[in-house]
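Some notes on the structure that comes next.
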Amino acid sequence: QQQVKQSPQSLIVQKGGISIINCAYENTAFDYFPWYQQFPGKGPALLIAIRPDVSEKKEGRFTISFNKSAKQFSLHIMDSQPGDSATYFCAASITGGGNKLTFGTGTQLKVEL
Amino acid sequence: NAGVTQTPKFRVLKTGQSMTLLCAQDMNHEYMYWYRQDPGMGLRLIHYSVGEGTTAKGEVPDGYNVSRLKKQNFLLGLESAAPSQTSVYFCASRRGQGAGSTEAFFGQGTRLTVV
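Residue numbers (my numbering), protein chains in the order written: chain A, 2 to 114; chain B, 3 to 117.
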């Protein structure tokens, strides 16, 4: 049972373009939604996160859009750069009970020159 | 500040052999986790711990055991390795409840191959 569904599986974007990755969740008890970035041979690292009391959060070129009624959230990478080429995971957790993260299946992003 | 350190980084096991993966964190975090990462499946939680001396099952616990005898260490054991356990294993830690407790920090991973 995949509680967090992520799409697309892979994405190719031209340098300077906008990368968009989408996630949908089922459990309405989730109250924390982070995005993790992973480079080959490395562990995931937190990129940006949002709580459901806001609809958007922006940090530099990275923006999370959150739609509570649709149970969806997305990552937008503006002015995509070759250095952004990595695998991106959305995740969700419930505060309490160990704050366990449930991950999406990941999106491989490649930014071409 | 080393963060989360996993030992070993690579290992090849024969079917039926046992091994222990070690995770050490120096951030005084209460919560620790073991995940496995497989192609197309994201990261799946194996076991986790909310404090020294406590452990709990995650999404895919079968074939694994864990121990948290010291706050800074979280061990993952495979008693009788199977080819289905070929994966990349990640340890993570997180502060407990309270402000600033949300970010999970991951180790570099252990690539395990069972032949």
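Glycine is no exception: its CB is placed at the ideal position from the N, C-alpha and C atoms.
- For Thr22 (chain B), the enclosing beta strand (DSSP E) stretches over residues Met21 to Gln27.
- The C-alpha of Ala30 (chain A) is placed about 23 Å away from the C-alpha of Glu32 (chain B).
- Closest by C-alpha distance to Lys72 (chain B), out of B:Thr88, B:Gly55, B:Ser82 and B:Ala83, is B:Gly55.
- DSSP, reduced to helix, strand and coil, places Asp40 (chain B) within a strand of the structure shown.
- According to DSSP, Asn75 (chain B) shares a beta bridge with B:Ala26.
- For Arg13 (chain B), the enclosing beta strand (DSSP E) covers residues Phe12 to Leu15.
- In terms of CA proximity to Phe63 (chain A), A:Ile49 leads the group A:Val55, A:Ser70, A:Phe74 and A:Ile49.
- Inter-segment contact for the stretch 86-106 of chain A and the stretch 41-57 of chain B is present: three or more beta-carbon pairs are separated by less than 8 Å.
- Assigned with DSSP and collapsed to three states, Gln87 (chain B) falls in helix.
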